[in-house]
Amino acid sequence: MRLAVLDDYEDAALNLADWGSLRGALEIDVYRDHLPESDGLAARLLPYDILIIMRERTPFPRSLIERLPNLRLLVTTSAKNRSIDLTACRDKGIAVCGTESSKDAAVELTWGLILSSLRRIPQHDRAVRNGMWGDGIGSGIDGKVLGVLGLGKKGKRVAQVGLAFGMKVVAWSQHLKAEDAAAVGVVRVEKDELFKTADIITIHLVLGDRTSGLVGADEIGLMKPSSYLINTSRGPIVQEKALIAALKENRIAGAGLDVFETEPLPRGHPLLSLSNVVLTPHVGYVTQESFRTYFTQAKEDVEAWLAGEPIRVLR
């Protein structure tokens, strides 16, 4: 049998888990590059019985699944993967299993992007390396208003850090109740008020029909010229063209982005030329600790499936 690990950009899969127990039973290949859905991707994956995929880096819609007649087990890192057509997998008799995932890694990166954006950390780093001593004056966060879109588990953790920094924290989501926000020291406001008043807006919503394109030209148009937009959730929640236009015209102060409409971000993309944006390559979940959990448990999933007793099965 043959197993492939996809999109292992960091060359972590074989280094952060012990695959010795599977070496005799399986031929294991690791791919560090990314192929979009195409004839080339289907041809690459055709020989494999088992695939281990990294989150949503390579989607598995029905159109791809039906081109992989040898596939019998699909393991995704994390316990959820909205890019897998689970119905198509069931129709084809393909088992789908997942892993546990870090609850805090994305929260930590959110604050990394906030501090990097407001304190101009990337700009100062480049300046020092180029022989300069300083490149502009950054902004503090004490006393500023943090606007949290989505006060779920991650949104609450982000809010708690904001409160610890001495910020006023406001939040909105479609079903957020005022009493639930107040329970964590946050004020529930309407969406327009959040965009009008927040100095920093951070997104922690799940991508779906109601949230796709939620942050568009109208919402960005309400933001203050001194405000920042942070997105570590999913790229399509923000209408990218509207955001780029606002950044180019300095209608907002800046953005910190870990997620994009198209990933990896294509060469020549307009965001790459903007100096008021901090960009990271969808690494909200990328830590040594997360990846060790991912690949150790992915190996366990394969072992359990081979033994006829699959674990962590996604429904």
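The numbering used here puts the first residue of the sequence shown at 191, with every later residue one more than the last. For every residue, glycine included, the Cβ atom is placed at its ideal position computed from N, Cα and C.
Original post:
Which stretch, first to last residue, makes up the beta strand (DSSP E) that contains V335?
Top reply: Sequence index remark: in the sequence shown, residue 335 carries index 145 (1-based). Per DSSP, V335 belongs to the beta strand (DSSP E) from V335 to L339.
Original post:
From S423, G375 and R310, pick the residue whose C-alpha is nearest to that of Y475; which is it?
Top reply: For the purposes of this step, residue 475 is taken as the residue at position 285 of the sequence shown. Nearest option by C-alpha distance: S423.
Subject >> E217, enclosing beta strand (DSSP E) - first and last residue >> reply: Residue numbering aside, residue 217 sits at position 27 when the sequence shown is read from its first letter. That run of the beta strand (DSSP E) goes E217 to V220.
Subject >> Touching by the beta-carbon criterion (3+ pairs, under 8 Å), the region 279 to 292 and the region 427 to 438 >> reply: no
Subject >> C-alpha gap between R400 and G342, whole angstroms >> reply: In the sequence shown, the residue the question calls residue 400 occupies position 210. In the sequence shown, the residue the question calls residue 342 occupies position 152. The alpha-carbon atoms of R400 and G342 are separated by roughly 16 Å.
Original post:
What residue from L196, R213, A207 and E200 has the CA that sits closest to L231's CA?
Top reply: For the purposes of this step, residue 231 is taken as the residue at position 41 of the sequence shown. Nearest option by C-alpha distance: L196.
Subject >> When A373, E439, G356 and V449 are compared against T392, the one with the closest alpha-carbon >> reply: To locate residue 392, count along the sequence shown from 1; it is residue 202. The option with the nearest alpha carbon to T392 is V449.
Subject >> A361 vs R378 beta-carbon contact at 8 Å >> reply: As a position in the sequence shown, residue 361 is number 171, starting the count at 1. As a position in the sequence shown, residue 378 is number 188, starting the count at 1. Their beta carbons are under 8 Å apart, which means A361 touches R378 by this criterion.
**OP:** Give the DSSP-derived three-state secondary structure of V468 in the structure shown.
**Re:** If you number the sequence shown from 1, residue 468 lands on position 278. Reduced to three states, the DSSP call for V468 is strand.
Subject >> Alpha-carbon to alpha-carbon, S292 and N205 >> reply: On the sequence shown, position 15 is the one that residue 205 refers to. On the sequence shown, position 102 is the one that residue 292 refers to. For N205 and S292, the distance between alpha carbons rounds to 19 Å.
Original post:
Between L336 and V351, what straight-line distance do the alpha-carbon atoms span, to the nearest angstrom?
Top reply: For this step, residue 336 is matched to residue 146 along the sequence shown. For this step, residue 351 is matched to residue 161 along the sequence shown. Near 10 Å, if we compare the C-alpha coordinates of V351 and L336.
Subject >> Per-residue DSSP class, three states only, for T392 >> reply: In the sequence shown, residue 392 corresponds to position 202, counting from 1. If DSSP states are grouped into helix, strand and coil, T392 belongs with the strands.
**OP:** Determine the direct distance from the alpha carbon of H472 to that of R247, and round the result to whole angstroms.
**Re:** Here residue 247 is taken as the residue at index 57 of the sequence shown, counted from 1. Here residue 472 is taken as the residue at index 282 of the sequence shown, counted from 1. Rounded to the nearest angstrom, the gap between the Cα atoms of R247 and H472 is 9 Å.
Original post:
Quick one: any contact between the region 251 to 266 and the region 487 to 498, if contact means 3 or more CB pairs under 8 Å?
Top reply: Cβ pair count under 8 Å is three or more, so yes.
Subject >> Assigned secondary structure, F485 (DSSP; H/G/I helix, E/B strand, else coil) >> reply: Position 295 of the sequence shown, counted from the first residue, corresponds to residue 485. Looking at F485 - three-state DSSP - the assignment turns out to be helix.
Subject >> Residues bridged to G444 (per DSSP) >> reply: Taking the first residue of the sequence shown as 1, we reach residue 444 at position 254. Beta-bridge pairing links G444 to Y418.
Subject >> Environment of G326 [buried if 16+ CB atoms lie within 10 Å] >> reply: Taking the first residue of the sequence shown as position 1, residue 326 is located at position 136. So G326 counts as exposed.
Subject >> Same chain, Cβ closer than 6 Å to L305, neighbours up to 5 away in sequence not counted >> reply: As a first step, residue 305 must be located in the sequence shown, where it is residue number 115. Closer than 6 Å at the Cβ level, and outside the excluded window around L305, lies no residue.
Original post:
So the beta strand (DSSP E) I243 belongs to, where does it begin and stop?
Top reply: Your numbering for residue 243 matches position 53 in the sequence shown. From DSSP, the beta strand (DSSP E) with I243 extends over I240 to I243.
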